[in-house]
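Enquirer: Submitted below is the structure of interest, expressed as structure tokens.
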Amino acid sequence: MESIRELYRIGHGPSSSHTMGPRKASERFLNKNKQASRFEVILYGSLAATGLGHLTDMAIKDIFKDFHCKIIWEPKIFLPKHPNALKFTAFNIEDTILDEWTAYSVGGGTIVDDDTETETIQIYPHKNLHEIMNWCNQNGKQYWEYAEEFEGSDIWNFLEEVWEVMQDSIRRGLSRDGVLPGILKLPRKAQSFYLKGKNYATPFKRRSQLFSYALAVSEENASGGKIVAAPTCGACGVLPAVLEHSRKVYKSDKTAILRALATAGLIGNLIKRNASISG
């Protein structure tokens, strides 16, 4: 399995496959072609079919904001390798092609191309929960210790950053009102649920606040705000809400929360490897 750093992706919503992935691919292509005069990006299949609603074009144009960037939508064309495909072309001032690259956003913010099947190296030697449980039993260690063993002690610095972004997305979501972007014009509701919950009796108050935390992050995601894909943008509200609830109600300290993030990351990794987190 790969590192849980590849599972918890810090970035902008609303979709890890339709926003984070294309944004990351755009950054990579731009870094290789900063001498270009203009760029062209073709979105294929699913990226083109639902890209407007997922703010795919906005994510790409934000990266190429200092250049002319034309986006072409091809929702009926599906490339063989993956339905979430995009092709970049860089042109010089004479409009001659400098570089071309086809990338695939395969889920969770991960980008591959025609020459790669996976974006990262595999650091865990075990492939399923049974193997991990056997290792933990043989070594007398817990899941978070297993993660530290193969990730290295600096994983805690990364998870601390993850937790800070999660908390910040809750705070932003609870402080904002108004309407979410998109043609449906849906109003933000997290702040309202949170304020109403303060007047409830304790059991209902806690439940209402737990829900408002998750909704706050989800609304930040829907508006293109900075969140943590956990393991995707669509699921980004659940884990921060549970951890914030645990912090406030059960007084869980930062160490406990970071260990919980490591453990949750392992489970997410198992699902990502043996099933899928895309879609």
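Quick note: the sequence shown uses the numbering used here, first residue 45, plus one each step. All C-beta atoms in this analysis are idealised placements derived from N, C-alpha and C, irrespective of residue type, glycine included.
(1) For residue 319, count the other beta carbons within 10 Å of its own beta carbon; 16 or more makes it buried, fewer makes it exposed. Which is it?
(2) Would you decide whether residue 184 is buried or exposed? Buried here means 16 or more other CB atoms lie within 10 Å of its CB.
(3) Do residue 60 and residue 276 have their beta-carbon atoms positioned less than 8 Å apart in this structure?
(4) Assign residue 103 to one of three DSSP states: helix, strand, or coil.
(5) Just reading off the beta strand (DSSP E) that residue 55 is part of, what are its end residues?
(6) So what does residue 82 bridge to, in DSSP terms?
(7) Are residue 53 and residue 152 touching if we call contact CB-CB under 8 Å?
(8) Can you name the residues that DSSP bridges to residue 275?
(9) In the DSSP assignment, what residue or residues form a beta bridge with residue 147?
(10) Within 10 angstroms of its Cβ, does residue 222 collect 16 or more other Cβ (buried), or is it exposed?
(11) If I measure Cβ to Cβ from residue 121 and keep anything under 6 Å in the same chain, skipping five residues before and after, which residues do I get?
Expert: So, from the listed chains and residues:
(1) Exposed is the call here.
(2) So residue 184 ends up on the exposed side.
(3) Yes, these two residues count as a Cβ contact at 8 Å.
(4) Here residue 103 sits in helix by DSSP.
(5) Boundaries of the beta strand (DSSP E) harbouring residue 55: 53-56, taken from the DSSP string.
(6) Answer by DSSP bridge pairing, in chain order: 112 and 135.
(7) In this structure, residue 152 lies closer than 8 Å to residue 53 by Cβ.
(8) Answer by DSSP bridge pairing: none, since residue 275 is not bridged.
(9) Residue 147 is bridged to 130 and 157.
(10) It counts as exposed.
(11) Scanning its chain for C-beta atoms nearer than 6 Å, with the 5 sequence neighbours on each side dropped, one finds around residue 121 the residues 88, in chain order.
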